[in-house]
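Following: one structure in structure tokens, then a few remarks.
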Amino acid sequence: MTPLLTDKTYRPYYERGTGIPAKLLRMNWLFVLACCAVAGIGYAALYSAAGGHGQPYATPQIERFFAALIMMIAIAMVDIRLIAKMAWPLYGLGLLLLVAVWKFGHVGLGAKRWLDVGGVHLQPSELMKLFLALALGAWFQRASHEQVGNPLFLVPPALTILLPAALILKEPNLGTAVITMSIGGAVMFGAGVRWWKFAIVLALVAVIAPFAYHHLHGYQKERILTFLHPGRDPLGAGYNIIQSKIALGSGGMWGQGYLHGSQNQLNFLPEKQTDFVFTIIAEEFGFAGSAVLLSILLSMVAMATYTALRCRHQFGRLVAIGISTNLFLYCFVNLAMVMGLIPVGGVPLPLVSYGGSALTAVMLGFGVLMSVHVHRDVEFEAADSQ
Amino acid sequence: MKREREIRPIFTRRALLLGAAELGAFGVLGSRLYRMQVLEHGKYATLAKHNSINERLVAPMRGLITDRYGTLLASNKRHWRAMFMMVEAPDPAAVVTRFAGIVGLDPAETARIMRDLKGKPHYIPLLLKDYLDWRDMARIEVHATDLPGVFVDVGASRVYPFGEQMAHVVGYVARPTQAEAAANPLLALPGMRVGRAGIERVRDAALRGTPGIVQTEVNVHGTVVRVLDRDNGVQGRTVQTTLDAGLQSIAAQRLSGQSGAAVMIDTQNGEVLTMSSEPGFDPTLFDTGVPESVWKSWMSNPRHPMSDRATRGLYAPGSTFKPCTALAALEAGVITPQTRFFCPGYLKLGNHTFYCWDHYGHGHINVVTALQQSCDVFFYHAALLVGIDRMAAMGRRLGLIGRLPLGLPAVSEGFLPTSGWARRRRLVWTKGNTVIQGIGQGYTQVTPLGLATMTARIATGRAVEPHVARGIGRDLLHQDQPDRWPELSLDERSLAAVRQGMFEVVNTTKGTAYGARLALPGVFMAGKTGTAQVHDNTQAQEKANLSDATLPWKFRPNAFFIAFAPAHAPRVAVAVAVEHGDEGATAAAPIAHDLVTAALTRDLRAAPPGTVVETPAEASAGRSGPA
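So the protein sequences, as listed, match chains A and B. Using the working numbering, read the first sequence as starting at 791 and increasing by one per residue. Using the working numbering, read the second sequence as starting at 71 and increasing by one per residue.
Have a look at this one:
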């Protein structure tokens, strides 16, 4: 099978500009534009969530977005080879932060997920997803097809995935732990790990799941039961999901009009500015509005996948596929949860939900993705190409 | 390149596979959305319309205001009111019209509601009618099906058990303005009130509280079937004032029928025990809105019931200013306690003659006797020697003028002229101006609060600062130690001379206020009378020494009295002002006498902050008043 993108487009990297202006020109500006569009929709939704006020959600959030946007562009300028060198130290830092959360974390809503660093709320599990993709990319960077086929070669990356996943599970944050493992799986899948090995892992999960269920926390069990029978407790755990579905459904084709969503404005949904922010868009802009948002998000996933395909080095490809998987899982889990397709699990809608930690982590990942895009043709060490 | 050739196709294939899966997943989301939003829209729209669970915010109860013993000065009364949720009615205007027909509404109120129907956010309940009686409620119940979205709710209104007596100091609340409600959505809640005057205004933030949430189940008609959860929010904090409701009632009763003010301060800690201003007004009227006729009557009343004379009434203090002149002159060293001036009954200055109140003169007289008999000529001389600047500086030092951290809005600072001020105003300042300044006339403008502060400072020699709020919740606002005020560092001999003069005013037969001496055995009061002319009597009247009592009311002099007691171990300081009361000794001093007697014969120890006495025994005792 021939590569999708032939070497015709290839020019040696040294023939291309390496200055900042040249790098800026090489960035995927369509992707940046899509980011801004999603953040703009988020601004409108948060403005509406506050009953038509910039405070307390919309204005701070858009300010944070622009700060994160500058950070993203700055990271895009960093040479991907430098990022590759930093991959393992960053992974180590991520682990340290997770341990710190476990030891001195800030308890919020019954779970220790936050770390206060100089007044900034930090959710290390968000960072860990990116660092994990980097570390796995670095591991498989120079691996040959034979090496990937060797089960012993796969033990270290498997541990690399399981260690942070276990720490995140301990917080407890089941949703993020599952997403973290999925990202690790996606990177390993891209690296060429054989199909049947994934089949074995999935089979193991299926066997363990019923036992694991007994070890879930009360509220987690509650969420799963509620998902199975939403009518079970209409005022308790099922309340959110019922109200969320009503909000979505009452939007209709064209929506109830901006700032006029009855479910939103009547405050039927608590905490609607975070995980359930999509209901505001769906209710006030209808199917038309939500379809637009969905399309933009999908185009972003597609652009990230394109960056992975177009990249000429294995590190960039794997990191890009990890980041695109992260973006996809974020969107999918959040939207599916709001629509009542999967249990409620505390996953925000990227760039839309109110909250600084997730936004910063997502934009950090986009920065690395852009760096891959900008440095798609660089050559790792000469020995590599032999 | 072998590795790249092997690995890249695998990656490409698998990445495309993942991409396809992701596309598929988004497709599932999209189709699910399409089904919910477009195909099943009708079902969800119905659910949304008849959403059986309804959450709305409720205004919290406003915090209480108590006096120093916990007697309620401001509290809340529950009442029933009709509310209206616009979203639950297909045609809101028709419902309001029907409601007006069934229960009865003022045309002006109907117009206001119709305006609100358009202007207010439709998810905030609208107030249709306050203070429902059982008949109204029965009518609403009977016609419930005709009135979708209308429900009956408990509201709270502000009550002031002491009404007019405390109106100026406690203040009042009113509905927020449209601008305030727009700036702070919480204020848009029906029932929210904003402190507009007095303690209600200064302590508004503490008194306001946190709103609660009511979760109700409503049927398809929008009628509440049952309340699922009610969180009443957090009531605002209790503000304990330093006031003594009993003493305040005495002051109000003794002043009633006149225009005036009485301020009493605890000299040891600066707590204001009484701050009365007459006439008063009914503060409860502001809660619902003052009727236009009442407002007009207040505005046209020549005695201005709305103005707080205690903190904002500016008066020429007359002879009650003399202790300040005396201290300024003694401290400057221009006179000593032994210095004598000769009073022939007048002082000739150029071609103008300044008379003493006693045209027969006081003869040779020193500062103590001059205070005792209120000799004007002595203070003319003293003022000429010390000058206005040092008098003004002493007035500021004694707290007669200047900013006091009282804890009430818009307290007047008072004013004493200085040479710099006269220069800026391009006034030709003559000796004559200085002379009348020495007896508290001319440009002098002070408040009764300033006079009481000055008295407390003379009594203690410390920079006592009066304040009205004692505690918020269970927290004390000021420390209770008596000796925390800094020393004024006035010469003890100067203070002793002035205190002796003030002692003799009340306790010697020749003193101007001998009639107001205390009847308590072994307890003495020290004071100073003041009678300040408000009308420039003609030369002919001066010569005839016409009695001021024969003048029309508004030309009669203002009467003042300041006092502290017990004279040798001061506990309270008081200032009384009676507008056009004619003479300080007869109009103001008896009121001070009654207040001081009451204060010294009761236990002024305050209850810990946060104490609330539900049955105001203290209040009713106070209101019955002394015989």
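Every residue gets a Cβ at the ideal spot worked out from N, C-alpha and C, and that includes glycine.
Where do the ends of the beta strand (DSSP E) carrying residue i lie?
i, result
"B:Tyr416", "Tyr416 to Leu419"
Give me the Cβ distance between residue i and residue j, rounded to the nearest whole Å; I'm assuming they're in contact under 8 Å.
i, j, result
"B:Gly303", "B:Pro195", "In fact, because the Cβ distance is near 15 Å, the residues do not count as touching under 8 Å."
"A:Leu1204", "A:Ala858", "Within the shown structure, residues of chain A are numbered from 791 to 1176, placing residue 1204 of chain A beyond reach of any answer."
"B:Thr579", "B:Phe631", "Their Cβ separation, rounded to whole angstroms, is 18 Å, which puts B:Thr579 and B:Phe631 out of contact at 8 Å."
"B:Leu441", "B:Met572", "6 Å"
"A:Val1137", "A:Gly965", "5 Å"
"B:Asp357", "B:Val243", "6 Å"
"A:Ala981", "A:Val938", "6 Å"
"B:Lys414", "B:Ala267", "It should be noted that the sequence gives Pro, not Lys, for residue 414 of chain B. In fact, because the Cβ distance is near 51 Å, the residues do not count as touching under 8 Å."
"B:Val128", "B:Val284", "5 Å"
"A:Ala877", "A:Ala948", "That belief does not hold up - the Cβ atoms of A:Ala877 and A:Ala948 are roughly 17 Å apart, past 8 Å."
Just reading off the alpha helix (DSSP H) that residue i is part of, what are its end residues?
i, result
"A:Trp985", "Trp985 to His1004"
"A:His1050", "Here A:His1050 belongs to no alpha helix (DSSP H), and DSSP marks it neither H nor E."
"A:Trp929", "Pro914 to Phe930"
"B:Asp62", "With chain B covering only 71 through 697, there is no way to say anything about residue 62 of chain B."
"A:His1163", "Gly1146 to Val1164"
"B:Gln338", "Unbroken run through B:Gln338: none, as it is neither H nor E."
"A:Met861", "Ala848 to Ala866"
For chain B, find out if any of its Cβ atoms is closer than 9 Å to the Cβ of residue i; answer yes or no.
i, result
"A:Thr792", "Here the model assigns A:Thr792 a pLDDT of 49, short of 50, so the residue's position is not dependable and the matter cannot be decided."
"A:His935", "yes"
"A:Lys919", "no"
"A:Ala1092", "yes"
"A:Ala1172", "Only weak support exists for where A:Ala1172 lies, its pLDDT of 46 falling under 50; the value from the coordinates is given anyway. False, the Cβ-Cβ gap to chain B never drops below 9 Å."
"A:Ser1040", "yes"
"A:Gly1076", "yes"
"A:Gly974", "no"
"A:Ser838", "no"
"A:Ser1143", "no"
According to DSSP, simplified to helix, strand and coil, what is residue i?
i, result
"B:Tyr230", "coil"
"A:Gly1021", "Confidence at A:Gly1021 is low in this model, with a pLDDT of 48, below 50, so the placement of that residue is unreliable and no value is reported for it."
"A:Gln1010", "helix"
"B:Trp555", "coil"
"A:Glu1169", "coil"
"B:Asp301", "strand"
"B:Val642", "strand"
"A:Cys1101", "coil"
"A:Gln1033", "helix"
"B:Pro696", "Unreliable positioning characterises B:Pro696 in this predicted model, as indicated by a pLDDT of 36, which lies under 50. A coordinate reading is not provided."
"B:Trp499", "coil"
"B:Val290", "Note on B:Val290: pLDDT 48, under 50, position unreliable in the model; the coordinate value appears next. In the structure shown, B:Val290 sits in coil (DSSP, three-state: anything other than H, G, I, E or B)."
"B:Leu343", "strand"
"B:Glu110", "coil"
"B:Ser145", "strand"
"B:Lys199", "strand"
Within 9 Å (strictly less), CB to CB, does residue i reach chain A?
i, result
"B:Gly100", "yes"
"B:Met345", "no"
"B:Phe221", "no"
"B:Leu257", "no"
"B:His149", "no"
"B:His234", "First, the amino acid is wrong: residue 234 of chain B is Glu here, not His. So, not an interface residue."
"B:Val284", "no"
"B:Val290", "A caution first: B:Val290 carries a pLDDT of 48, below 50, which makes its placement in the model too unreliable to give a value."
"B:Tyr114", "yes"
"B:Phe51", "The shown model of chain B, from 71 to 697, leaves out residue 51 of chain B, and the question about it has no answer."
Taking 8 Å as the cut-off, is the C-beta of residue i nearer than that to any heavy atom in the ligand GDP?
i, result
"A:Ala1151", "Summarising the ligand content, the structure contains no ligands, and the ligand GDP is consequently not present."
Touching by the beta-carbon criterion (3+ pairs, under 8 Å), the region 331-351 of chain B and the region 223-230 of chain B
The region 331-351 of chain B is not in contact with the region 223-230 of chain B.
Answer yes if the region 531-545 of chain B comes into contact with the region 558-574 of chain B, meaning at least three C-beta pairs across the two stretches below 8 Å, and no otherwise.
Yes: the two stretches touch, three or more of their Cβ pairs being nearer than 8 Å.
The region 944-961 of chain A touching the region 81-93 of chain B, judged by at least three CB pairs closer than 8 Å:
Fewer than three pairs of CB atoms, one per stretch, sit closer than 8 Å, so the region 944-961 of chain A makes no contact with the region 81-93 of chain B.
Positions along the region 866-884 of chain A whose CB lies within less than 7 Å of some CB in chain D
Among the protein chains of the structure shown, namely A and B, there is no chain D.
Any contact of the region 1088-1095 of chain A with the region 912-919 of chain A, i.e. 3+ C-beta pairs under 8 Å?
Flag = no, the region 1088-1095 of chain A and the region 912-919 of chain A do not touch.
Can we say the region 400-412 of chain B touches the region 426-441 of chain B, given the rule of at least three CB pairs closer than 8 Å?
Segment contact: the region 400-412 of chain B against the region 426-441 of chain B, three or more CB-CB distances shorter than 8 Å; contact assigned.
Below 8 Å, how does it come out for the region 918-935 of chain A and the region 1104-1123 of chain A: are there three or more Cβ pairs, yes or no?
Judged by Cβ distances under 8 Å, the region 918-935 of chain A makes contact with the region 1104-1123 of chain A, as three or more pairs qualify.
Counting Cβ pairs, one atom from each stretch, are 3 or more of them under 8 Å apart for the region 204-212 of chain B and the region 300-317 of chain B?
A contact is defined here as three or more CB-CB pairs under 8 Å, and the region 204-212 of chain B fails this definition with respect to the region 300-317 of chain B.
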